[in-house]
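Heads up: the structure comes next, in structure tokens.
This is how it looks when you write it as structure tokens:
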């Protein structure tokens, strides 16, 4: 999309050379043909070093934009970004002219739907009711049980097993809210990448990234009814037990175990080899490794046990 | 169904004019051609003013029935109501002779199933594996992702987005239990109404009402794996984060935010513009607005934070 | 599979008569043509009385194996068992040459998939997008709403109602983890048995057993988004409210009520007629009956209420 058109959509003034903008991205990841934005004061530090061709700012933040980027000044950059995100969203289907490709030895049910541009590897089993969106890629020897849905542009590795009614790549939960409380959808133009040897239970949901990728690394095991928010990264061989969840942009290191019904807040980093007991509530990043935690607020598991006995004593007071 | 037949099914005595009863309803909402019931002493106050043509009562409550209504006296009105509810349930499919109608510009996958009598508006996208039940109505510009299921007689507005594997209008969780512990299903003969500009995540479940409607109002955002019980009303622009839920008949005002894994009890009224932190447990109605709550039992969020630091101090005792 | 081949796969020494091993099972349930294993010291007591034809052990436990069984000595019996489980897993589909049988009066959508060897009783309603796996059996008068998935070899009784997008018989969450943290899948070669008059909500997940059966007994009511782990047994007329779950091998007695978002740990036995308030966390077996519990840690509900008032008083300290 032309910069002039972008400026027009968000009602920003713009003079100078018109350029072609191909997509939106974060300040850190955007390149010279991409558009970025500043929606939160804590990211101001990222403006100066951003390679973004265009940055949407407000009056207070325009001064931080380096001369190498064009600043588009609007009242509410977050809402403007949301409005623009729709313009960068590809069509839901048929955004490829290529026929789907099915690898040798793969069995695909006639009741599955494989959209244009999708590529399925060798010796896969794709059962009835599965949907694989445009341009999604499935590795070799992977099994998709009935009614699994993989949205467009996602990647699933080799030797994966995904159980029935699970959804890979639905939109992350993103919207900009006006002062009046009205929401504008932030189109989720990223994807989901699932590496090799991952098993995912039934009715689990893994959201696509707003920009970039939600990543499920090699060897991960997700149980049933698990929620993985957009832009999360689940480290190698990590385990999430039934009904647990990670909020957006949280990264688990390798071999993290999240017990049943446990959950994290968003934007956390959890070091490798930590275990969280059932129903843990994790609201802060964790740098230590090889620990066992419990509770909400979270604490060391042995401390939680001690605390519960102290609490029980209150009954005798 | 004829009143005589109804009396016969529940084993109640009945003499007088036989009348045609068209459906069942609550005491407050029933009209003269409808049947109602009294199952809980707290609703006795509603008997005198009820317009119900027929009211199922027990020996203790029959005296409250006004002369304008016929009283059918049974041992256990709740179980009798459950037994009768089956007789008022329409067939699951084909309860319409009309072909489905698809509006101009709408794309409906050949792998979707649109039952008789369903109406789909203009410019909708209905992907593979979607099921739309008899007489359900979908507005304009609405997107149903693969394997979304909309049961019969529901309404979905314009500009809605419903993600994969989500269910709209499955039966509310209703049954009458005998003294021996055996359950009789209460057929859920209401529906679900979703207003305009609503986005719903994947594997979310919204139950149809037992009578009347479960309502999701304009601009609501529901995340993945969210549960909305029968007869709930989710107010305009309210937000329910992943794995949260509302039990039956609870009403959220506008712009209520329910954090991840939070939940309400049933039959509550929550005033507008309140926010509930992740894993809040809401068991009482809330009349204040613009507050932030947390915890289970629920309290003001700032109080919850203070309480947690007090609890942490127990470890030092 | 021949014993010689089994020994070869796990790298165990073996001399003696080769025998045909037909399946794997627990020490207690295995018979002379079955293979079992010892993975946890607490099951050593079961070795002496086991009828298993072959038992996989390590150096420390081989001495407990009776002369009636062959001992295969490996370094890590649990991982060896996981490796072998794959060899005993039947093909996902087409593990029957028989055409599916549909009983008189049953309506099966042309968009449903009924695999070979499946048997559907009389007067059933099988809606679009339903998948019924090889050799699964459905009783009479049962309704499967759209996109319900029943994996192979499961049994569903008469008069059952299963709501949309629910999964019956997906793999239990089982894997053996190496010292390096890498997981080997334990194939779940058991099944799910659902007895008569069971109603199950939408997007609920019931895992198949690793050996034997996960059992949902007569008259049970499961709400939406409920998780039942592998090898659980849910007693007659028990009720599980939305977003609750039972971890593997837990048995609920009859008429147990689990409130919304409550959960159990694995391997528990819960006596009949107990009620657990919403969000209860049950970590120990319960022998008393007719009680109401709450909290996590769990306690009598009345005690929980008292404790909460004591905790609230901390704010005044």
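Chains as they are written, first to last, in our numbering: chain A, 1 to 317; chain B, 1001 to 1317; chain C, 2001 to 2317.
For every residue, glycine included, the Cβ atom is placed at its ideal position computed from N, Cα and C.
Model, not experiment: these values are computed from the prediction.
For residue 1219(B) and residue 1237(B), believed in contact at Cβ under 8 Å, the rounded distance: 4 Å
For residue 1183(B), count neighbouring C-beta atoms within 10 Å of its own C-beta (all shown protein chains included) and say buried if the count is 16 or more, exposed if not. buried
Taking only beta-carbon positions, decide if residue 1129(B) is within less than 8 Å of chain C. Cβ-Cβ to chain C under 8 Å: yes for residue 1129(B).
In whole angstroms, what separates the C-alpha of residue 2266(C) from that of residue 2230(C)? 10 Å
List the residues of chain B whose Cβ lies closer than 7 Å to the Cβ of residue 2202(C), in chain order. 1167, 1170, 1205
Relative to chain A, which residues along the segment 2103-2131 of chain C have a C-beta separation below 8 Å, given in chain order? Listed in chain order, the positions of the segment 2103-2131 of chain C with a beta carbon within less than 8 Å of a beta carbon of chain A are 2111, 2113, 2129, 2131.
Give the single residue among 2142(C), 2081(C), 2097(C) whose Cα lies nearest to the Cα of residue 2104(C). 2142(C)
Residue 2151(C) beta carbon less than 8 Å from that of residue 2169(C): yes
Identify every run of the beta strand (DSSP E) within the segment 1116-1200 of chain B, keeping only runs that are complete inside it and at least 3 residues long; order them along the chain. 1167-1171, 1175-1177, 1183-1185, 1191-1194
Would you kindly check if the distance between the Cβ of residue 1205(B) and the Cβ of residue 2203(C) is under 8 Å? yes
Per-residue contacts from residue 1224(B) into chain A (C-beta, under 8 Å): Within chain A, the residues near residue 1224(B) are 167, 170, 173, 205, 207, 227.
What does residue 241(A) reach in chain C if we use C-beta pairs closer than 9 Å? 2173, 2247
From which residue to which residue does the beta strand (DSSP E) around residue 2057(C) run? First-last of the beta strand (DSSP E) with residue 2057(C): 2054-2057.
For residue 970(B), would you say it is in contact with chain C, using Cβ-to-Cβ distances shorter than 8 Å as the test? Examination of residue 970(B) is not possible in this model, given that chain B is present from 1001 through 1317 alone.
Does residue 2251(C) get closer than 8 Å to chain A when you measure Cβ to Cβ? For residue 2251(C), no Cβ of chain A is located within less than 8 Å of the residue's own Cβ.
DSSP state of residue 1044(B) mapped onto helix, strand, coil: helix
Min CB distance residue 310(A) to chain B below 8 Å: yes
According to DSSP, which residues form a beta bridge with residue 223(A)? Partner(s): none; residue 223(A) has no beta bridge.
Between residue 2244(C) and residue 2263(C), is the Cβ-Cβ spacing less than 8 Å? yes
To the nearest angstrom, report how far apart residue 133(A) and residue 1127(B) are at their CA atoms. 10 Å
Use the C-beta contact count for residue 2024(C): other C-beta atoms within 10 angstroms, 16 or more gives buried, fewer gives exposed. buried
How about residue 270(A) and residue 298(A): are their beta carbons less than 8 Å apart? When the beta-carbon positions are compared, residue 270(A) and residue 298(A) stay at least 8 Å from each other.
Residue 1221(B) versus 1255(B), 1167(B), 1121(B), residue with shortest Cα-Cα distance: 1255(B)
If we cut at 8 Å on Cβ distances, does residue 2211(C) have a partner in chain A? no
C-beta neighbour in chain A for residue 1163(B), strict 8 Å: Yes, residue 1163(B) counts as interfacial toward chain A.
Check whether the Cβ atoms of residue 2137(C) and residue 2148(C) lie closer than 8 Å to each other. no
Identify the residues that DSSP records as bridge partners of residue 205(A): which are they? 167(A), 227(A)
Of all the options 18(A), 98(A), 11(A), 29(A), which has the alpha carbon lying nearest to the alpha carbon of residue 57(A)? 11(A)
Interface flag, residue 2369(C) vs chain B, CB-CB below 8 Å: There is no way to answer for residue 2369(C), as the model of chain C reaches only from 2001 to 2317.
From the DSSP output, read off the bridge partner residues of residue 258(A). 240(A), 276(A)
What are the start and end residues of the beta strand (DSSP E) that includes residue 2035(C)? 2034-2037
Residue 70(A) in three-state terms, based on DSSP: strand
Give the residues from the segment 1253-1267 of chain B that approach chain A closer than 9 Å (Cβ to any Cβ), ordered along the chain. 1254, 1255, 1260, 1261
Name the DSSP bridge partner or partners of residue 958(B)? Residue 958(B) falls outside the range modelled here, since chain B spans only 1001 to 1317, and no answer is possible.
Proximity winner among 2101(C), 2051(C), 2043(C), 2097(C), relative to residue 2034(C) (alpha-carbon distances): Looking from the CA of residue 2034(C), the closest CA among 2101(C), 2051(C), 2043(C), 2097(C) belongs to 2051(C).
So residue 224(A) and residue 247(A) are in contact, right, with Cβ under 8 Å, and what is the actual spacing, rounded? Actually they do not touch by this definition, with Cβ atoms about 19 Å apart.
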